[in-house]
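Novice: Residue numbers (our numbering), protein chains in the order written: chain A, 14 to 127; chain B, 53 to 170.
#1: Which residues share a DSSP beta bridge with residue 166/B?
#2: So with Cβ pairs under 9 angstroms, would you call residue 74/B a contact of chain A?
#3: Would you mind reading off the limits of the beta strand (DSSP E) that contains residue 131/B?
#4: Please classify residue 171/B as buried or exposed, where buried requires at least 16 other C-beta atoms within 10 Å of its C-beta.
#5: Using a beta-carbon distance cut-off of less than 7 angstroms, what residues from the stretch 102 to 122 of chain A approach chain B?
#6: Are the CB atoms of residue 120/A and residue 90/B within a distance shorter than 9 angstroms?
#7: Answer with buried or exposed for residue 99/A, where buried requires no fewer than 16 other C-beta atoms within 10 angstroms of its C-beta.
#8: Hey, does residue 164/B have any beta-carbon neighbour from chain A nearer than 9 angstroms?
#9: Is it right to say residue 107/A is buried, meaning 16 or more other beta carbons lie within 10 angstroms of its own, or is it exposed?
#10: List, in chain order, every chain B residue whose beta-carbon is nearer than 8 angstroms to that of residue 55/A.
#11: Using alpha carbons as the reference points, say which of 29/A, 127/A, 87/A, 67/A lies closest to residue 44/A.
#12: Given that residue 37/B touches chain A, what residues does it touch there, using C-beta distances under 8 angstroms?
#13: Identify the continuous beta strand (DSSP E) that holds residue 51/A and give its terminal residues.
#14: Return the CA-CA distance between residue 50/A and residue 95/B, expressed in angstroms with no decimal places.
#15: Along chain A, in chain order, which residues have C-beta atoms closer than 7 angstroms to that of residue 94/B?
#16: Would you please verify whether the beta carbon of residue 152/B is less than 9 angstroms from any beta carbon of chain A?
#17: Given a threshold of 16 other Cβ atoms within 10 Å of its Cβ, counted over all protein chains shown, does residue 122/B qualify as buried or as exposed?
#18: Using a Cβ-Cβ cut-off of 7 angstroms (strictly less than) and excluding sequence neighbours within five positions of residue 60/B, which residues of its own chain qualify?
#19: Just the chain B side, please: which residues come within less than 9 angstroms of residue 60/A by C-beta, in chain order?
#20: Quick check on the burial criterion: 16 or more other C-beta atoms within 10 angstroms. Buried or exposed for residue 98/B?
#21: Can you tell me which of 146/B, 68/B, 131/B, 140/B puts its alpha carbon nearest to the alpha carbon of residue 160/B?
#22: Can you find a C-beta in chain A that's less than 9 angstroms from the C-beta of residue 100/B?
#23: Once you ignore the five residues that flank residue 140/B on each side, which residues in its own chain have a CB closer than 6 angstroms to its CB?
#24: For residue 63/A, return the contacting residues in chain B, with the cut-off set at a CB-CB distance below 8 angstroms.
#25: Does residue 1/A pass the burial test, meaning 16 or more other C-beta atoms within 10 Å, or should it be called exposed?
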């Protein structure tokens, strides 16, 4: 069963604008962790931001923030003031209490236009 | 040192060759992972080592053989691969494997090995 859904295969954003990348998840477990990773064309997966299911506030890391709506089971990534270097694939992932697995979404390809 | 290193960066091999991919981390992490990633797809988990013991094998063909010599090193031995095994192979590590609770440790990924099987 699909646990993480990213419905935007590709997104475009103008440089300096903000962009939201969507992510919804599916689990009946009350305890889980949500992650966003960036993967440039070089291939390395870069950790961006983390949200725990019990966290009361939305996570923020610099220009990245996570819009966590627990009732809707969504964990959208917001990138403010986009830069050309933000062009990459972005993966949403979820970790559950059982085992060491990450469940990855299918990814969103973001292109920042000058 | 918050880095996971992988060697080689690129590897081209024939279907009869034997080769190995190497991964190293010095962050004191006790879980290490191998993923396979095809272009434009998410990473697919292959193996998980927890405290140097194989804890997850996602039904990977036996032509892929993992090895964890110590807590810092993870190898992936390759033998008799097929062209469809060509992919980016990513290694990752994380702290405190298998914990439950409110905090889940992020996985730190290496830069990957781009494997081409001819």
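A virtual CB, placed ideally from N, CA and C, is assigned to each residue, including glycine.
Quick caveat, the model's predicted, so the values are computed rather than measured.
Specialist: Concretely, from the data shown:
#1: 62/B, 140/B
#2: no
#3: 125 to 131
#4: This structure gives no information on residue 171/B, because the portion of chain B shown stretches from 53 to 170.
#5: 104, 108, 110, 112, 113, 114, 115, 117, 118, 119, 120
#6: no
#7: buried
#8: yes
#9: buried
#10: 163
#11: 67/A
#12: Limits of chain B in this structure are 53 at one end and 170 at the other, which puts residue 37/B out of reach.
#13: 46 to 52
#14: 11 angstroms
#15: 104, 117, 118, 119, 120
#16: Note that residue 152/B scores 46 on pLDDT, short of 50, meaning its location in the model is unreliable and no value can be drawn from it.
#17: exposed
#18: 165
#19: 158, 159, 160, 161
#20: buried
#21: 146/B
#22: yes
#23: 89, 164, 166
#24: 156, 158
#25: Shown here, chain A extends from 14 to 127; a query on residue 1/A therefore has no answer.
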